[in-house]
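Under UniProt numbering, the first residue of the sequence shown is numbered 1, with each subsequent residue one higher. Ideal Cβ placement from N, Cα and C applies to all residues, glycine included. In this text, all values refer to a predicted model and were calculated from it rather than measured experimentally. Here is the structure we will look at.
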Amino acid sequence: MPQKKPTSNTSSNTDNARTPKAVEVGAPVIYKGEGGTLYPLDVKEGPYLTTDSNMDDSDITVTVSVRFKHGGEAVFEDIVDKSGTSGARRIFFPLSYITSGMGHTLFFSYKGRVGGQVAESRVAEVGVRFYDEKDLEGYVPKFVHSELVNSTPTLDMHKFTGNETILAFAHPLVKAGDQLFINVAGDQDKTPFAFNIVAASRVVTPEEAVPGHVFRFSLPRGWMGRRRPWGSLTIHWGWICDGRPPLPPAEVVPTLETRLPENALEGLPRPSSRLIEDPRLENPPPPHLRQSVLFNDEWYLNPELTTRGGNVYIPDLETYADDQLCFYVSGLDYGNKPLGCVTIKHDGELATTELSPCVIACFFNTPMALTYTVQFPHSNGPQQSPERVINVLLPRFPLSGIEQATGDILDLSTFAMDATAFVPVWDYSECSNLCWMWITGERENGSAYRFDILSDAPVTEDWKVHGVDARIPREVLLQLADCSEFKLHFAASFCEATALADAHEFPAQAFNIEQEPLVLAAPKVTEAVGTDLTAWNGREGVHVEVSYTGKHPKHSISLCWERPEGTCWPLTSKPGSAVGAVIFSLAREAVIESMGKTVAITYTVTTACKVQTSLPLNVKISKPVRLPTPVVPQATPPVVQGGILDLATFSGDASITVEKWWFALAGQRVWLKCSGIRKDGNAHTFYVLKGTRLTDEQAKNGLVEWMSRHELDALRHDTPLIVTCVTALYDSELEADSIVFPTLRVIIRKPLECKTEDFESLPLERFGAGNSVQTPLMKITFQSGSGVAGIVTYGNDPFYSGKHFVMCENEGDQDPPQLHRIDFPHALESIRFAWSWKQAPATVTFYNQAGGVITKLDYDDDWRGGFWVEHVTEPGTAIAWMTILVRDYSFIDNFRMCYRV
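Here it is, written out as structure tokens:
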């Protein structure tokens, strides 16, 4: 193929350099082109040129270019001859240079040397002709089914089916890349002619580049059938061999129109055949709904795809200008109705029409048939297509809802008025006619229930835009069983349907209804008066009555009798009762453990969907009043308050008995507590039982326990001992949470002890006022007075011996007199001591523990020979300390003191 000549970019490196002038030689002589034109078939064996006879034997470069008829130039690849022949030299060049130049002008020149100098030839110009008509015999396209009828080539469409085949042949000097063009003209009785482009720029492949190679093309039957009667068909054909793209057809008078590219080389002759047309459509395709799908060999339409309408077209139908196609839809009980007609403006234009949503809605869940008719411009009548049956499915209608529902639960306690049912805008709502809405469910007694909310209601324009809403009367909802499921139904009709049976029901929406909360009154205790329960009345247990409005056997009732630690007494749940109260029996143990407390009693009603707890009944249970008093059998009398427990009257431990009490239960904790005063005066409490659990035997027969002798001995004489029995009503380890029985008060009487003090353990000493001496049984303090006193030895007779306590030593009349105070660690019931050598008046005063004077003894006589001072107290009185006021030299000794520890 010719190429565009390149531009040289070479420049001289020397400013003053000069290229020597080439020697001009004669133009090349083109074989068979000596007259300025060349016929390609004359050089089919190999074209060549001859150079000037003066050429040296050096290489010669031949340049060939082409000037195209319709403008533009191109250069072929240079030919370099290295044969080394001098003089006139024959140089061959490719035949493709000639065939590419058919219809154009070729230019030839060459370069070499003459006499060693560069030589350039003049240019030879040769015009290349296309094939003569006579040389194209056997290469002319033809109609396969054309026959001679009365010496006239005739193409009778009735004698074959399908499209006509046109055979074309590669031209004699064909090469790869050549382009073939074939157009068929019809209706040539007047202009403009009808044309069918059979081959447009059919490029020859290397395998096809063989002279006479057969090309097969198809002429559409539909195009032929639409031609006017008694016409003919003419094949216009041509080639482009220069590799350039085709140009638009040249503007010519209509009668000369071929529709071939302006730069195509037209082949002659133009074969023509008389046409006997057959306007019948051969196997016309059915129409197609773009949104339909073939499934299991049937066509289906999902209406979700056609909410804005569908597109009907005929995908495989050949259409030509002025065809008129009319579309129809039909179905059961629908008839055959037109969808619209289309007139084709341009050949090959797709015939299509719209299928409205409301037409589609008429066929929900039923088959729909689509057809069309075709009317040719020159035919006698329309032709009918086969039908396309499409199964139209139901669209996905939305679920209805209730505005007051939360999810799928409609709780009547959350709103007070009627409910509002709604249906969102659905696809094809603008095509709806009537609608129905109803609910189905069951009553409390299990019977079926239905209520129609809407019936034969016209679908208003507002509903079509915003969706349907309708009121559900509250009294209707109250008819439904609590916690039951009910369904909200909705249906709409389309395409003039007026009966519910012909309408399309939307998916039903299920709801669970929860009726208004039950009003649960507080329970009642049969044995109580209101909220007060006497413990004795519950000694055998109590009964709790549960009754409320709306009770039902399907309900489950559980009772909570709150125990002291906060849990509920274990009771089995019971079913509700349609008639009468439900009775729960509480064991006596439940009453016993809460005596003295307030018990919260509630019941919980469990239905299928809700759990409700009643108001509490706060029952105050009295403490028991029939309580036994502990008894100490060793006391005298044993059952009387203030009895004497004389430890001298018995040996060993003392017992405590408590008669059985009516609310005693095995496992209850019990305390037997004894409170008294120690010898040192401090309070003292000890436990015979401390939080001990009652045994079955003790619960049945009472208590018999023992007070330790050791604990009794630790108590002070003539002090009260309080015996207390305490029992816990429930499993508590806290004594404070218990029932306290009446206490028993007894007086501790200790055995009398008598001891003697003779000062033998003390060292001899004398001291003045403010000093003291002490023994285990007494402390003698020299409180005031003059002189000295102390421990001395002086005499030995029945009144004093060994060591004695001297007062006013060596003084016959001490002034001021001495005052000595003697304190005893024990409360003395009696005291006796000896006094020797007293001659002057003296006074002895005894004091009780409160500091009061028990008695005052004055000794005025002279009893120097010795005497005994003695005092025995009245019951309830004891000597805590004493004083001696003395004026003369005398001695005291041999104290005997009796007291109870």
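Sheet register partners of residue i (DSSP bridge)
{"i": "residue 304", "result": "According to DSSP, which records beta bridges pairwise, residue 304 is partnered with nothing at all."}
{"i": "residue 835", "result": "867, 892"}
{"i": "residue 618", "result": "600"}
{"i": "residue 676", "result": "684"}
{"i": "residue 778", "result": "775"}
{"i": "residue 905", "result": "Beyond the ends of the chain as shown, which are 1 and 901, falls residue 905; an answer cannot be given."}
{"i": "residue 416", "result": "Bridge partners of residue 416: none, in fact."}
{"i": "residue 436", "result": "491"}
{"i": "residue 899", "result": "753, 828"}
Candidates the options, of which the one nearest residue i by Cα
{"i": "residue 80", "options": "98, 65, 112", "result": "112"}
{"i": "residue 603", "options": "288, 618, 652, 419", "result": "618"}
{"i": "residue 731", "options": "440, 123, 708, 593", "result": "593"}
{"i": "residue 521", "options": "110, 508, 615, 765", "result": "615"}
{"i": "residue 722", "options": "686, 402, 446, 260", "result": "686"}
{"i": "residue 259", "options": "206, 276, 199", "result": "199"}
{"i": "residue 216", "options": "206, 227, 202", "result": "202"}
{"i": "residue 230", "options": "191, 187, 221", "result": "187"}
{"i": "residue 538", "options": "583, 590, 797, 560", "result": "590"}
{"i": "residue 701", "options": "663, 470, 640", "result": "663"}
{"i": "residue 127", "options": "278, 827, 850, 69", "result": "69"}
{"i": "residue 791", "options": "402, 346, 766", "result": "766"}
{"i": "residue 225", "options": "377, 211, 508", "result": "377"}
{"i": "residue 93", "options": "343, 109, 87, 642", "result": "109"}
{"i": "residue 163", "options": "278, 125, 74", "result": "278"}
{"i": "residue 860", "options": "255, 841, 499", "result": "841"}
{"i": "residue 806", "options": "793, 798, 814, 85", "result": "793"}
{"i": "residue 585", "options": "252, 282, 825, 559", "result": "559"}
{"i": "residue 608", "options": "576, 639, 583, 879", "result": "576"}
{"i": "residue 627", "options": "670, 658, 237, 650", "result": "658"}
Sequence-distant residues of its chain with Cβ nearer than 6 Å to residue i (five each side left out)
{"i": "residue 864", "result": "837, 839"}
{"i": "residue 464", "result": "429, 430"}
{"i": "residue 843", "result": "858, 885"}
{"i": "residue 811", "result": "787, 889"}
{"i": "residue 179", "result": "201, 203, 240"}
{"i": "residue 350", "result": "313"}
{"i": "residue 822", "result": "778, 780, 882"}
{"i": "residue 213", "result": "170"}
{"i": "residue 892", "result": "805, 833, 835"}
Contact set for residue i: own chain, Cβ-Cβ below 7 Å, skip 5 residues either direction
{"i": "residue 534", "result": "622"}
{"i": "residue 177", "result": "1, 203, 204, 243"}
{"i": "residue 356", "result": "309"}
{"i": "residue 345", "result": "321"}
{"i": "residue 133", "result": "268, 269"}
{"i": "residue 14", "result": "Only weak support exists for where residue 14 lies, its pLDDT of 39 falling under 50; the coordinates are left without a value."}
C-beta atoms of residue i and residue j nearer than 8 Å
{"i": "residue 758", "j": "residue 691", "result": "no"}
{"i": "residue 519", "j": "residue 601", "result": "no"}
{"i": "residue 882", "j": "residue 739", "result": "no"}
{"i": "residue 512", "j": "residue 483", "result": "yes"}
{"i": "residue 760", "j": "residue 789", "result": "no"}
{"i": "residue 796", "j": "residue 782", "result": "no"}
{"i": "residue 439", "j": "residue 504", "result": "no"}
{"i": "residue 773", "j": "residue 644", "result": "no"}
{"i": "residue 184", "j": "residue 195", "result": "yes"}
{"i": "residue 725", "j": "residue 672", "result": "yes"}
{"i": "residue 122", "j": "residue 24", "result": "yes"}
{"i": "residue 442", "j": "residue 481", "result": "yes"}
{"i": "residue 105", "j": "residue 120", "result": "no"}
CB contact below 8 Å: residue i versus chain D
{"i": "residue 605", "result": "Included in the structure is just one protein chain, with no chain D present."}
Same chain only: Cβ atoms within 8 Å of residue i, ignoring 5 sequence neighbours per side
{"i": "residue 82", "result": "59"}
* Asked: Which ranges would you report for the beta strand (DSSP E) in the stretch 72-127 if only whole runs of at least 3 residues count?
  -> 73-75, 79-81, 90-92, 105-114, 117-121
* Asked: Can you give, in chain order, each stretch of the beta strand (DSSP E) that sits fully within the stretch 784-836 and has at least 3 residues?
  -> 789-793, 803-807, 818-836
* At which residue ranges does the stretch 683-718 contain complete alpha helix (DSSP H) runs of 4 or more residues, listed in the order of the chain? -> 696-701, 709-713
* Asked: Could you give the uninterrupted runs of the beta strand (DSSP E) lying entirely in the stretch 305-338, keeping only those of 3 residues or more?
  -> 310-313, 324-331
* To do: Note down, one range per segment and in chain order, each beta strand (DSSP E) of at least 3 residues found wholly within the stretch 372-400.
  => 388-392
* Would you mind listing the beta strand (DSSP E) stretches within the stretch 240-302 that are 3+ residues and don't spill past its ends, in chain order? => 272-276, 292-295, 298-301
* Taking only runs of the beta strand (DSSP E) that begin and end inside the stretch 472-504, which ones reach a length of at least 3 residues, in chain order? -> 485-494
* To do: Just list the beta strand (DSSP E) runs in the stretch 494-566, keeping only unbroken ones of 3 residues or longer that don't cross its boundaries, in chain order.
  => 509-514, 542-546, 556-561
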